[in-house]
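J.:
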Amino acid sequence: MASLLPLRRAPTSLLSSTSKQSTLLVRSLRASTTIPSTRTFTTRSSTLLPNTITKRTTITPISRPHHHLLISSTSIRQKSTKDNDAPTFRQWGFEDINASLPNSPTEKPIILIDVREPAELSSTGIIPSAVSVPLASQPDALFLTPEEFETRFGFPKPGVKGDEEGAEIVFYCKAGVRARAAAQLAEQAGYEASRLGVYDGSWLDWAKKGGRVERWEGNDN
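Under the numbering used here, the first residue of the sequence shown is numbered 153, with each subsequent residue one higher.
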């Protein structure tokens, strides 16, 4: 009977060693961010005993909410970047327009297009040298061929022939909204975005700052 005592003490010592190994394993797994689901891990004893002693330890994955938040923020930034791919046009101010008018000391060749309706022009007048291409009533104007355009409006299509070919084109309206829409239509019609501009303040800004005005001589329709 005495010879069996060492064998009865061995399981207690071995289980203690196995428990320590399991604890280290748990700590190691908890430090990882890639635990996919609940799993059962089996640790085996050494070969001190004829029979193998096993102990099962259940590990519950630790959620990492901050990790998901970082992914979400990255996705939002990428989507925001994609949403900002629309063409941008040069913004013109009062001084820029004034300096480009005929007889100006710093005159620059530009094509100035008023996209307001004829009735508005009759009421307020027009910026000198500007041509009238009303956006609301003639939305297809810039898509016409040069011949079709001249037949309809009575003057050459802006920016496609002679000295005007390649010149900068600036749109204005009453407050800038229709002017921006006109620039987008022009780009869709084939004009290069790099030569298109918008007088964002448009007529309201021009009149407020005392810009020169010419009487509109066209028809009201």
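Positions of the beta carbon are idealized from the N, C-alpha and C atoms, including for glycine.
Skipping 5 residues on each side, what residues in its chain have a beta carbon closer than 8 Å to that of Y343?
T.: Contacts found: L294, G311 and I321.
J.: Exposed or buried, which one is D292 when buried takes at least 16 other CB atoms within 10 Å?
T.: D292 is exposed by the Cβ-count criterion.
J.: What did DSSP end up calling R242 once you bin it into helix, strand or coil?
T.: Strand at R242.
J.: What does G349 pair with, by DSSP beta-bridge criteria?
T.: G349 pairs with R242 and V322.
J.: Closest to L356 by CA distance: which of G277, I262 and A251 is it?
T.: Residue G277 is the option with its Cα nearest to L356.
J.: Measuring from the CB of F246, is there a heavy atom of the ligand COA at a distance below 7 Å?
T.: Questions concerning the ligand COA fall outside what the structure shown contains, since it holds no ligand whatsoever.
J.: If we require 3 or more residues per run, which beta strand (DSSP E) segments fall completely within the region 266-339?
T.: With a minimum length of 3 residues, the continuous beta strand (DSSP E) runs that stay inside the region 266-339 are 320-324.
J.: Just tell me which of N250, E269 and S274 has its CA closest to the CA of E369.
T.: Measuring from the Cα of E369, the nearest candidate turns out to be S274.
J.: Classify E247 as helix, strand or coil using the three-state DSSP reduction.
T.: Note: E247 maps to helix in three-state DSSP.
J.: In chain order, what residues of the same chain have a beta carbon less than 7 Å from the beta carbon of E269, not counting five sequence neighbours either side?
T.: Same-chain partners within the cutoff: P286, A288 and S289.
J.: DSSP beta-bridge partners for E344?
T.: Looking at the DSSP assignment, E344 forms no beta bridge with any residue, so it has no partner.
J.: Could you check whether S284 and Y324 sit closer than 8 Å to each other, using their CB atoms as the reference points?
T.: No, the Cβ-Cβ distance between Y324 and S284 is not below 8 Å.
J.: Do you know offhand how far E300's Cα is from G245's?
T.: Roughly 32 Å between the two C-alpha positions.
J.: Assuming K360 is part of the alpha helix (DSSP H), what are its boundary residues?
T.: From DSSP, the alpha helix (DSSP H) with K360 extends over S354 to K360.
J.: Going by beta carbon distance, what residues of the same chain come within less than 8 Å of P308, once the five residues before and after it are set aside?
T.: If we look at P308 and ignore the five residues flanking it on each side, its Cβ neighbours are P298, F301, E302, G314 and E316.
J.: Rounded to whole angstroms, what is the Cα-Cα separation between W358 and V365?
T.: In a straight line, the C-alpha of W358 is about 9 Å away from that of V365.
J.: My output table needs one value for A183: the three-state DSSP class, helix, strand or coil.
T.: Caution is warranted here: a pLDDT of 44 is assigned to A183, below 50, making its placement in the model unreliable, and no coordinate value can be reported.
J.: Which value, in whole angstroms, describes the spacing of the CA atoms of T252 and G328?
T.: Per the sequence shown, residue 252 should be read as Ser rather than Thr. If you take the alpha carbons of S252 and G328, they lie about 19 Å apart.
J.: For N371 and A334, what's the separation of their Cα atoms in angstroms?
T.: If I take the Cα positions, the gap works out to 21 Å.
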